[in-house]
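S.K.: Chains as they are written, first to last, in my numbering: chain A, 1 to 221; chain B, 1001 to 1221; chain C, 2001 to 2221; chain D, 3001 to 3221; chain E, 4001 to 4221; chain F, 5001 to 5221. The beta-carbon is built from N, C-alpha and C at its ideal position, and this holds for glycine as well.
6 protein chains.
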Amino acid sequence: MRTVLGVAPHPDDETLGCGGTLLRHRDDGCALHWLIATQASAGEGVSQAWVEQRERTIERVAEAYGMAEVHRLGAPATRLDAVPLADLVGATSEVFSKVAPHVVYLPHPGDAHSDHRRAFEMCASGGKWFRQASVEEIYAYETLSETRFGLDDRQPFRPTAYVDVSMWLERKLEILREYSTELAAFPFPRSEESTEALARVRGAESGFEAAEAFQLLRFRR
Amino acid sequence: MRTVLGVAPHPDDETLGCGGTLLRHRDDGCALHWLIATQASAGEGVSQAWVEQRERTIERVAEAYGMAEVHRLGAPATRLDAVPLADLVGATSEVFSKVAPHVVYLPHPGDAHSDHRRAFEMCASGGKWFRQASVEEIYAYETLSETRFGLDDRQPFRPTAYVDVSMWLERKLEILREYSTELAAFPFPRSEESTEALARVRGAESGFEAAEAFQLLRFRR
Amino acid sequence: MRTVLGVAPHPDDETLGCGGTLLRHRDDGCALHWLIATQASAGEGVSQAWVEQRERTIERVAEAYGMAEVHRLGAPATRLDAVPLADLVGATSEVFSKVAPHVVYLPHPGDAHSDHRRAFEMCASGGKWFRQASVEEIYAYETLSETRFGLDDRQPFRPTAYVDVSMWLERKLEILREYSTELAAFPFPRSEESTEALARVRGAESGFEAAEAFQLLRFRR
Amino acid sequence: MRTVLGVAPHPDDETLGCGGTLLRHRDDGCALHWLIATQASAGEGVSQAWVEQRERTIERVAEAYGMAEVHRLGAPATRLDAVPLADLVGATSEVFSKVAPHVVYLPHPGDAHSDHRRAFEMCASGGKWFRQASVEEIYAYETLSETRFGLDDRQPFRPTAYVDVSMWLERKLEILREYSTELAAFPFPRSEESTEALARVRGAESGFEAAEAFQLLRFRR
Amino acid sequence: MRTVLGVAPHPDDETLGCGGTLLRHRDDGCALHWLIATQASAGEGVSQAWVEQRERTIERVAEAYGMAEVHRLGAPATRLDAVPLADLVGATSEVFSKVAPHVVYLPHPGDAHSDHRRAFEMCASGGKWFRQASVEEIYAYETLSETRFGLDDRQPFRPTAYVDVSMWLERKLEILREYSTELAAFPFPRSEESTEALARVRGAESGFEAAEAFQLLRFRR
Amino acid sequence: MRTVLGVAPHPDDETLGCGGTLLRHRDDGCALHWLIATQASAGEGVSQAWVEQRERTIERVAEAYGMAEVHRLGAPATRLDAVPLADLVGATSEVFSKVAPHVVYLPHPGDAHSDHRRAFEMCASGGKWFRQASVEEIYAYETLSETRFGLDDRQPFRPTAYVDVSMWLERKLEILREYSTELAAFPFPRSEESTEALARVRGAESGFEAAEAFQLLRFRR
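1. Is the stretch 3173-3184 of chain D close to the stretch 4017-4034 of chain E, with three or more CB pairs under 8 Å?
2. Going along the chain, which residues of its own chain have a beta-carbon closer than 7 Å to the beta-carbon of residue 4138 (chain E), five neighbours each way excluded?
3. Determine which residues of the stretch 1189-1200 of chain B have a Cβ less than 7 Å from any Cβ of chain A, and write them out in chain order.
4. Mind checking which residues open and close the beta strand (DSSP E) that includes residue 253 (chain A)?
5. Determine the chain A residues that contact residue 2132 (chain C) at a beta-carbon separation under 8 Å, and present them in chain order.
6. For residue 185 (chain A), collect the residues of the same chain with a Cβ closer than 7 Å to its Cβ; drop the 5 residues on either side in sequence, then sort them by chain order.
7. For chain C, find out if any of its Cβ atoms is closer than 7 Å to the Cβ of residue 5124 (chain F); answer yes or no.
8. I'd like to know if residue 1207 (chain B) contacts chain E, where contact means its C-beta is closer than 7 Å to some C-beta of that chain.
9. Excluding the 5 residues flanking residue 3091 (chain D) on each side, which residues of the same chain have their C-beta closer than 7 Å to its C-beta?
10. List the residues that DSSP assigns as beta-bridge partners of residue 4164 (chain E).
11. Measure the C-alpha to C-alpha separation of residue 2054 (chain C) and residue 2039 (chain C) and round it to an integer number of angstroms.
12. Please report whether the beta-carbon of residue 2078 (chain C) lies at a distance below 7 Å from any beta-carbon of chain F.
13. Taking only three categories from DSSP, how would you classify residue 5034 (chain F)?
14. Using a Cβ cut-off of 7 Å (strictly closer), state whether residue 4084 (chain E) contacts chain D.
15. Can you find a CB in chain F that lies within less than 7 Å of the CB of residue 2158 (chain C)?
16. Between which residues of its own chain and residue 5143 (chain F) is the CB-CB distance below 6 Å, once the five residues before and five after are set aside?
17. Please compile the residues from chain E whose C-beta is within a distance smaller than 7 Å of the C-beta of residue 5163 (chain F).
18. State the start and end residues of the unbroken alpha helix (DSSP H) segment that holds residue 2070 (chain C).
19. For residue 3179 (chain D) and residue 3020 (chain D), what's the separation of their Cα atoms in angstroms?
20. So, with DSSP's three-state summary, where would you put residue 1119 (chain B)?
21. What residues from chain E crowd round residue 1127 (chain B), counting only those whose CB sits closer than 9 Å?
22. So, using beta-carbon positions, are residue 1033 (chain B) and residue 1068 (chain B) closer together than 7 Å?
23. Would you mind listing the alpha helix (DSSP H) stretches within the stretch 172-201 of chain A that are 4+ residues and don't spill past its ends, in chain order?
24. Is the CB-CB distance between residue 4159 (chain E) and residue 4213 (chain E) below 7 Å?
25. Can you give the Cα-Cα distance for residue 3207 (chain D) and residue 80 (chain A), rounded to whole angstroms?
26. Identify which residue in E:4145, E:4150, E:4203 has its Cα closest to the Cα of residue 1121 (chain B).
27. Reducing DSSP to helix, strand and coil, say where residue 4046 (chain E) ends up.
28. Could you tell me whether any Cβ in chain A is nearer than 7 Å to the Cβ of residue 3154 (chain D)?
29. Of the choices B:1115, B:1010, B:1031, whose alpha-carbon is the least far from that of residue 1004 (chain B)?
30. Please classify residue 4124 (chain E) as buried or exposed, where buried requires at least 16 other C-beta atoms within 10 Å of its C-beta.
31. Rounded to a whole number of angstroms, what is the C-alpha to C-alpha distance between residue 116 (chain A) and residue 1119 (chain B)?
32. Tell whether a beta-carbon distance below 7 Å holds between residue 4155 (chain E) and residue 4109 (chain E).
33. Can you give the beta carbon distance from residue 4197 (chain E) to residue 2204 (chain C), rounded, assuming they're within the 8 Å contact cut?
34. What whole-angstrom Cβ distance do residue 2220 (chain C) and residue 2136 (chain C) have, given they're in contact under 8 Å?
35. Is the Cβ of residue 1169 (chain B) closer than 7 Å to any Cβ of chain C?
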């Protein structure tokens, strides 16, 4: 049985970026783990009720995926880059060591949101075989609301790996609806219609009814 | 009145890549010109009937766009790279000089099809102000069936300019249907569903119901 | 009437990078806004007199451009990267929301000075249409003293847009002279001779007596 | 049983680039196919005896790998770029259609030798799922004597996939010795010592005694 | 005494790109060699008189530099890409072997003109130490009229090496004037004013009154 | 006599990255300086005894190279990015001003370890001629354990300069053995076997028995 780790800067990134693939892994019998980097706190433009609601959402989503475990770093949302990197790397490494994942999904290092770039950075040592011997495959996923909004062109998302999620797209969209406070009407990028359109485009590129696209970062076998 | 030139390696690329934008230019009162680089001939896997049908399609499409003029280089399809570049540049330059376009749309230099890359290359001298003084804006467009299939990652399509084509998408899809022999069912990239999904994704990126995305190559004013 | 926002890590960057273009926008009837990210304080190698002198320079320069308003973030010079990004993004977003600019000019993300890179980063969310709906065009400008001195080659300045500033070059150089403490004799990059030579080279590239070059970051219409 | 296709511009590239991986695939029960793009002819600096010797080498190498079949395009060596691309694509597509490979290994598009770049280009349509439905994985391999000698830096070889060939390195070096006319003493890049040193470096990068490194071009599952 | 080889697709490129550096090498006691790739012929838009005049220009320029020898490939101008690459490589290799240069200057592979890109390509094997053992340093130079006009952004000119030509700029401009038929008034890129402005900008980048900039391609010592 | 400065994020990087080249510089009569950015402290997973042992190692290594002087910034290891950049730049600039180096070796900006990237960044102003007039050449070196482990592909190490260290490899490996706590058995990247294999591969690329490879960042003469 293989172990899969999805890393989300904020809850919902795992679903937007690799929700269908995680569901497919689950149906293949893999153990799923979810690492959430940040946490919203009451007072930063959100109410305590919102924060509690978000916690319940996380529980429901974890259940929907059948997550073996949810790992929380608890860093402040939008301020992940203000936490010393060494501390993030330390906390992340503990999770990696405990989970011993074979397959890892990360946000893309060129994403617009600094939390995404930092979440990528804190996991990068997972690509060192002498640090994390279990890791065989690492991929970067795309989140339409961030990956297409980096003004900085040094690092475009270059998909090299496509996963057929035709049979899991409906379920992915259902889970996405749990994040109702994050969604808005099309053409907002975090909407069902945007998410489905992206799945269709990635499908047209790879010959499937619906697909998720990834950039392979490292593979060893 | 501004003059716009759309360059198509093969008929249908202009519609897939910038059909909505051309229609919008037309409604803005611009004069549209269409440069078609290649021509299919009977005997290369296509019948004489197919070739004649294709000619009628070109006429109908030109009429649908209200093209001021269609310019044909007549180079052999799939073999544009076998025509000496100097000859292509010469023929292209004549068209540019005659049309004196202000805005030019080219296929992307990273496209999978060598005809696309060659069509880009033959027009590149249009970016020299001392060769073509009329040209103010040059853009590369994307064609899902080619731009996403270059294995070679040196030159990903990096969209920097988005055009709202919400009001012209239906008309674009209608014109696309004229190219019935080039289309197939989704997930084939040259299908209505693929084309619409791409327009939605580009719309989500730019805040429109439907958009076409371009990479600005050069702008001078 | 269109609104234009020039973002300067330090006062003088707006003039070096897009001074001629701002003047041309002004003559076209646009409203100009100036966002200055950092502020020098007495004690960091500069005297109180220098700081007061600099304030008067800013006033004179603002007047010379006919700035509608000057917006000051007041972050410490050379230490912009030490201010939490979330705070900078918050302050910047307020300015964007208040000004509602159509056109934005930013420093280049590959500049040598970390204040330039951070100033770019804090404005990057301005490229999200669902954050700042007014923004239609965003450009990166070049400042000879920084843009050509990044040792790191991941992100060269790639000019795609050229603006004819032949009629505004003299006025730009006049304004530049206000920053006398920042200038030195050629070949120092911040000198009149360097600035003019760059304008000539950019002019030769675009067919004008003098030009400013930009890298288009995002355009939507 | 999976089918694997190794594409060699010249005989020996398959061994230098992916010899260990092919042997491992063979031991895993895959069917191996070898596509050789060019052919040397007597008179181009080589004797008829040399040409005949080379043919016998190809036979022995094919046998050593247990190749299911060897496919020869027979294009003139060092002149692959002079054969019309459409002809090469046609011939390559026939091989792909006949073999129906699941996994394909290509030379790297940034290699110094134009035959390597052309061999890559002629196979690129193999990345279109609607042309070659069987293909699931395409990789570029490195050949020390070419991949490290492209002066042109637009396209460095960026290894993303590592294959443990510890158990197959000796056998790979044995096969390499069959190409005695292509080898010379270290530091010549086509030498046993160079080949082994590269396998060690790639091993140090991936945690194996010896490895071959690849750049994943496309993966779909 | 070191031997220096300047490669010019067309006569004048050597002066535009590295004229000051060649003159400085000459004053340092190096032997200078000039390889001219193409040749204009009467009938291609130029008269026989023009062709003869051009020959006399070449002689005068060679004398002005004190060239040890001028090497002519005689390929047709604007059609270098139509000559089989193997033939060009063969002819170039003969020149390299005869001259045994230590330092080589090439046009940039991202130049707009296909003759420039082909001239680069035909010399690329000069970067293989086992082909040309004499070569220690290879640089790409810039020619304002071509290097800044490639629409294709895959390969921007990235200067890494700067040579102080303050003492040789006047002489370079004098030689440039020999190519009167190629020059036009500023802002034409091939003009004295453009050439001097570029030398000033490159000087401001490197701390010299005037400089030429190069991209180091390969260095071994 | 020329002055050479090797910058090490942690002691051992100078040896892994440019040890042979430093030794060759020394034999050429250059004065060697060593800038060490970080310092380990007891309590961060290391004992006081380890820290003292490390100090003695630094002394022995400095002696082995014949370092003119060792410069210590004393920043906390693994937390260099938490020190304000302005402070690091200030401290680094003092060292540069005091040493007045002609040649500088830096870690690569694409390295996996954030200390390496920060050490690069803090030295980048050394590339400004108007800040550090002495500097003529700046190179980035590679450290197998970091340079090959950046998951982020925006900035691959692109070697352009090769130095023959055949005569100094043995001595380099001897010095490396001083860092016994940092080494482990092959295939660990910091091992004698890995280091030698890399030297052989770089040698095969450049025609030497053993070489070190660098990316030229800036050169002025």
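M.R.: Once the coordinates are examined:
1. no
2. Residue 4138 (chain E) sits at position 138 when you count from the first residue of the fifth sequence. Same-chain partners within the cutoff: 4104, 4106, 4126, 4127, 4217, 4218.
3. 1189, 1193, 1194, 1197, 1198, 1200
4. Nothing can be reported for residue 253 (chain A): it is not among the residues displayed for chain A, which extend from 1 to 221.
5. The count along the third sequence starts at 1 and reaches residue 2132 (chain C) at position 132. Going along chain A, no residue has its Cβ under 8 Å from residue 2132 (chain C), so there is no contact; the nearest lies around 11 Å.
6. Here the question's residue 185 (chain A) lines up with position 185 in the first sequence. These residues qualify, in order along the chain: 191.
7. Counting from 1 along the sixth sequence, the entry for residue 5124 (chain F) is found at position 124. Contact of residue 5124 (chain F) with chain C is assigned, a C-beta pair being separated by under 7 Å.
8. Residue mapping note: residue 1207 (chain B) aligns to position 207 of the second sequence, counting from 1. Cβ-Cβ to chain E under 7 Å: no for residue 1207 (chain B).
9. Within the fourth sequence, residue 3091 (chain D) is the residue found at index 91, counting from 1. Here the set comprises 3073.
10. Translated into the one-based positions of the fifth sequence, residue 4164 (chain E) becomes position 164. In DSSP, residue 4164 (chain E) forms a bridge with E:4211.
11. On the third sequence, residue 2054 (chain C) is found 54 positions in, with the first residue counted as 1. On the third sequence, residue 2039 (chain C) is found 39 positions in, with the first residue counted as 1. For residue 2054 (chain C) and residue 2039 (chain C), the distance between alpha carbons rounds to 9 Å.
12. Translated into the one-based positions of the third sequence, residue 2078 (chain C) becomes position 78. Output row for residue 2078 (chain C): interface = yes.
13. Residue numbering aside, residue 5034 (chain F) sits at position 34 when the sixth sequence is read from its first letter. Here DSSP, grouped into helix, strand and coil, assigns residue 5034 (chain F) to strand.
14. Residue numbering aside, residue 4084 (chain E) sits at position 84 when the fifth sequence is read from its first letter. Chain D contact via Cβ: present.
15. One-based indexing of the third sequence puts residue 2158 (chain C) at position 158. Judged by the 7 Å Cβ criterion, residue 2158 (chain C) is not in contact with chain F.
16. The residue you call residue 5143 (chain F) lines up with position 143 of the sixth sequence. 5013, 5016, 5017, listed in sequence order.
17. Numbered from its first residue, the sixth sequence carries residue 5163 (chain F) at position 163. Ordered by position in chain E, the residues that pass the 7 Å Cβ test against residue 5163 (chain F) are 4221.
18. For the purposes of this step, residue 2070 (chain C) is taken as the residue at position 70 of the third sequence. In the DSSP assignment, residue 2070 (chain C) falls outside any alpha helix (DSSP H) and within the unbroken beta strand (DSSP E) covering 2069-2076.
19. Reading the fourth sequence from its first residue, position 179 is the one you call residue 3179 (chain D). Reading the fourth sequence from its first residue, position 20 is the one you call residue 3020 (chain D). Looking at the two C-alpha atoms, the distance is approximately 16 Å.
20. Stepping through the second sequence from its first residue, residue 1119 (chain B) is reached at position 119. Helix.
21. Here residue 1127 (chain B) refers to the residue found at position 127 of the second sequence. In chain order: 4112, 4149, 4150, 4151.
22. Counting from 1 along the second sequence, the entry for residue 1033 (chain B) is found at position 33. Counting from 1 along the second sequence, the entry for residue 1068 (chain B) is found at position 68. Yes.
23. none
24. As a position in the fifth sequence, residue 4159 (chain E) is number 159, starting the count at 1. As a position in the fifth sequence, residue 4213 (chain E) is number 213, starting the count at 1. Yes, these two residues count as a Cβ contact at 7 Å.
25. Locating residue 3207 (chain D) in the fourth sequence gives position 207, counting from the first residue. Locating residue 80 (chain A) in the first sequence gives position 80, counting from the first residue. In a straight line, the C-alpha of residue 3207 (chain D) is about 31 Å away from that of residue 80 (chain A).
26. Working through the second sequence from its first residue, we reach residue 1121 (chain B) at position 121. Minimum Cα distance to residue 1121 (chain B) is reached at E:4150.
27. Walking along the fifth sequence from the start, residue 4046 (chain E) turns up at place 46. Residue state, collapsed to three classes: coil.
28. Within the fourth sequence, the letter at position 154 stands for residue 3154 (chain D). Cβ-Cβ to chain A under 7 Å: no for residue 3154 (chain D).
29. For the purposes of this step, residue 1004 (chain B) is taken as the residue at position 4 of the second sequence. Checked all of B:1115, B:1010, B:1031; the closest Cα to residue 1004 (chain B) is B:1031.
30. Here residue 4124 (chain E) is taken as the residue at index 124 of the fifth sequence, counted from 1. When all chains shown are included, residue 4124 (chain E) counts as buried.
31. On the first sequence, residue 116 (chain A) is found 116 positions in, with the first residue counted as 1. On the second sequence, residue 1119 (chain B) is found 119 positions in, with the first residue counted as 1. Taking the straight line joining both Cα atoms gives about 38 Å.
32. For the purposes of this step, residue 4155 (chain E) is identified with residue 155 of the fifth sequence, where counting begins at 1. For the purposes of this step, residue 4109 (chain E) is identified with residue 109 of the fifth sequence, where counting begins at 1. Yes, these two residues count as a Cβ contact at 7 Å.
33. The count along the fifth sequence starts at 1 and reaches residue 4197 (chain E) at position 197. The count along the third sequence starts at 1 and reaches residue 2204 (chain C) at position 204. Yes, residue 4197 (chain E) and residue 2204 (chain C) are in contact; Cβ-Cβ is about 7 Å, under 8 Å.
34. Reading the third sequence from its first residue, position 220 is the one you call residue 2220 (chain C). Reading the third sequence from its first residue, position 136 is the one you call residue 2136 (chain C). That pair is a contact at about 6 Å.
35. If you number the second sequence from 1, residue 1169 (chain B) lands on position 169. False, the Cβ-Cβ gap to chain C never drops below 7 Å.
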